[in-house]
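Each remark here refers to the structure printed beneath this line.
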Amino acid sequence: MAEQKLLRDIAHDLRTPLSIIQLTAESMQMGAKDQQTKNDLDVILKQITRITELADELSAQRE
Amino acid sequence: MRLLIVEDEKSLAENLKRTLEGRGFAVDHLDNGEQAFSRLSLYRSDYSLVLLDLTLPGLDGAQLTQKLRAEGITIPIIVITGKSETEHKIALLNSGADDYVVKPFSAEELVARINSVLRRPVESQPVVHSLGELSIDTAARRVRAGEREIRLTLKEYSLLECFLRRPGQVLTREELSNQVWDFNSLNWSNVLDVHMKNLRKKLSPVNHAARFETVRGVGYRLVTA
Numbered sequence: 005m006a007e008q009k010l011l012r013d014i015a016h017d018l019r020t021p022l023s024i025i026q027l028t029a030e031s032m033q034m035g036a037k038d039q040q041t042k043n044d045l046d047v048i049l050k051q052i053t054r055i056t057e058l059a060d061e062l063s064a065q066r067e
Numbered sequence: 010m011r012l013l014i015v016e017d018e019k020s021l022a023e024n025l026k027r028t029l030e031g032r033g034f035a036v037d038h039l040d041n042g043e044q045a046f047s048r049l050s051l052y053r054s055d056y057s058l059v060l061l062d063l064t065l066p067g068l069d070g071a072q073l074t075q076k077l078r079a080e081g082i083t084i085p086i087i088v089i090t091g092k093s094e095t096e097h098k099i100a101l102l103n104s105g106a107d108d109y110v111v112k113p114f115s116a117e118e119l120v121a122r123i124n125s126v127l128r129r130p131v132e133s134q135p136v137v138h139s140l141g142e143l144s145i146d147t148a149a150r151r152v153r154a155g156e157r158e159i160r161l162t163l164k165e166y167s168l169l170e171c172f173l174r175r176p177g178q179v180l181t182r183e184e185l186s187n188q189v190w191d192f193n194s195l196n197w198s199n200v201l202d203v204h205m206k207n208l209r210k211k212l213s214p215v216n217h218a219a220r221f222e223t224v225r226g227v228g229y230r231l232v233t234a
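Which chain is which? The protein sequence lines are A and B, in order.
Note that my numbering has the first sequence beginning at 5, numbered continuously upward.
Note that my numbering has the second sequence beginning at 10, numbered continuously upward.
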């Protein structure tokens with residue numbers, strides 16, 4: 005179905021910006037001096053995992 | 010170890026380059042498949058591994074992999090893909106890629122996969138390379154002389170790794186520069202000599218383990234003392 009293909013394409017297109025955000029957040033976390041910044045970056049990384057799981061579910065859609 | 014990133018998404022490429030350089034790799038970047046094919050055809054021995062995005066303008070990642078393999082270029086390739094379906098991963102591995110990472114991925118996972126692929130080439134290379142009492146653990150990135158740990162900078166570590174992968178062999182200045190520095194570095198400068206001097210200095214307290222010999226006009230050799 006065209007709708008499912010669209011959802012899979014969206015899921016696919018989300019992955020590059022997610023990669024950039026993840027690598028940037030990880031790099032900031034390595035250099036972070038204070039605990040609050042580390043915690044904030046943890047939140048970002050956990051949400052990336054959540055969005056990735058959603059993208060995985062969309063990618064698994066069959067015609 | 011020198012890597013080539015082939016990635017058309019500028020932000021991702023910059024991020025990857027910075028991340029991998031921070032882990033001690035020398036990294037070059039190209040943004041299209043045709044250029045990558047030319048570079049690898051001409052300078053295949055300068056690179057230890059290619060990190061290849063699947064979606065590229067012109068020649069895409071899968072086509073580039075097939076073209077390189079058809080030319081007999083066996084350099085290890087890790088594909089970065091946005092597709093997580095199993096059949097897609099199988100097709101990638103069957104096309105000649107050595108491994109893949111699915112976006113998004115963590116830097117730790119990527120580096121672990123790079124190290125894993127670099128450990129399993131033609132001669133099934135071990136994780137630990139040693140000469141006499143001097144040894145280097147490429148998984149933990151740790152250098153030891155007997156029980157003593159030696160702390161090195163990223164470049165010194167990369168240089169020593171080149172020597173310990175080929176103990177007793179003369180490595181030319183050009184080979185060392187190509188393996189440890191990226192394409193844009195000034196190979197004619199005395200940077201290599203400075204790093205070799207520092208490396209010798211750090212190894213000198215433990216030079217019963219191994220020592221460098223200068224082969225005049227050619228390069229250096231690591232031998233047992």
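Positions of the beta carbon are idealized from the N, C-alpha and C atoms, including for glycine.
Simplified DSSP assignment, three categories, for B/Ser194: Of the three classes helix, strand and coil, the one that applies to B/Ser194 here is coil, per DSSP.
Chain-ordered residues of the segment 27 to 42 of chain B with a beta carbon less than 9 Å from chain A: So the close ones are Arg27, Thr28 and Gly31.
Members of the segment 89 to 113 of chain B that neighbour chain A once the beta carbon cut-off is set at 7 Å: Within the segment 89 to 113 of chain B, those residues whose Cβ lies closer than 7 Å to any Cβ of chain A are, in chain order, Gly91, Lys92, Ser93, Glu94, Lys112 and Pro113.
contact_flag[the segment 88 to 98 of chain B, the segment 54 to 66 of chain B] where n(CB pairs < 8 Å) is 3 or more: Contact between the segment 88 to 98 of chain B and the segment 54 to 66 of chain B is present, because at least three Cβ pairs lie under 8 Å.
Exposure of B/Leu180, with buried meaning 16 or more beta-carbon neighbours within 10 Å: That one is buried.
Chain-ordered residues of the segment 16 to 49 of chain A with a beta carbon less than 7 Å from chain C: Note that chain C does not occur in the displayed structure, where the protein chains are A and B.
Chain B contact residues for A/Ile52, given Cβ-Cβ distances below 7 Å: Those are Pro113, listed as they occur along chain B.
The segment 50 to 60 of chain B contacting the segment 137 to 149 of chain B, beta-carbon criterion three pairs below 8 Å: Contact fails: fewer than three Cβ-Cβ distances are below 8 Å.
Unbroken alpha helix (DSSP H) run spanning B/Ser42, endpoints: Strictly speaking, residue 42 of chain B in this sequence is Gly, with Ser absent from that position. Element bounds for B/Gly42: Gly42 to Tyr52.
N- and C-terminal bounds of the alpha helix (DSSP H) containing A/Gly35: Ala6 to Gly35 is the extent of the alpha helix (DSSP H) around A/Gly35.
Boundaries of the beta strand (DSSP E) in which B/Phe221 is found, first to last residue: For B/Phe221, the enclosing beta strand (DSSP E) begins and ends at Arg220 to Val224.
Where the beta strand (DSSP E) through B/Ile159 begins and ends: Counting along the chain, B/Ile159 sits inside the beta strand (DSSP E) bounded by residues Arg157 to Ile159.
Cβ pair B/Gly105, B/Gln72 closer than 8 Å: Remark: C-beta atoms of B/Gly105 and B/Gln72 do not approach each other more closely than 8 Å.
Where B/Ala71 meets chain A, residues with beta-carbon distance less than 7 Å: Listed along chain A is no residue with a C-beta nearer than 7 Å to that of B/Ala71; the closest approach is about 15 Å.
Cβ neighbours of B/Ser167 in the same chain (closer than 6 Å, five flanking residues each side left out): Contacts found: Gly33 and Val189.
Any C-beta of chain B under 8 Å from that of A/Asp13: No, A/Asp13 does not count as interfacial toward chain B.
Touching by the beta-carbon criterion (3+ pairs, under 8 Å), the segment 18 to 31 of chain B and the segment 58 to 65 of chain A: Segments in contact, no.
Neighbouring residues, chain A, relative to B/Leu21 (Cβ below 7 Å): Listed by position along chain A, the residues whose Cβ is nearer than 7 Å to that of B/Leu21 are Thr20, Ser23 and Ile24.
Sequence-distant residues of the same chain with beta carbon closer than 6 Å to B/Glu132, five excluded per side: Unreliable positioning characterises B/Glu132 in this predicted model, as indicated by a pLDDT of 46, which lies under 50. The coordinate reading is nonetheless provided below. The beta carbon of B/Glu132 is closer than 6 Å to none in its chain, skipping five residues each way along the sequence.
CB contact flag (A/Ile52, A/Ile25, <8 Å): Closer than 8 Å, so yes.
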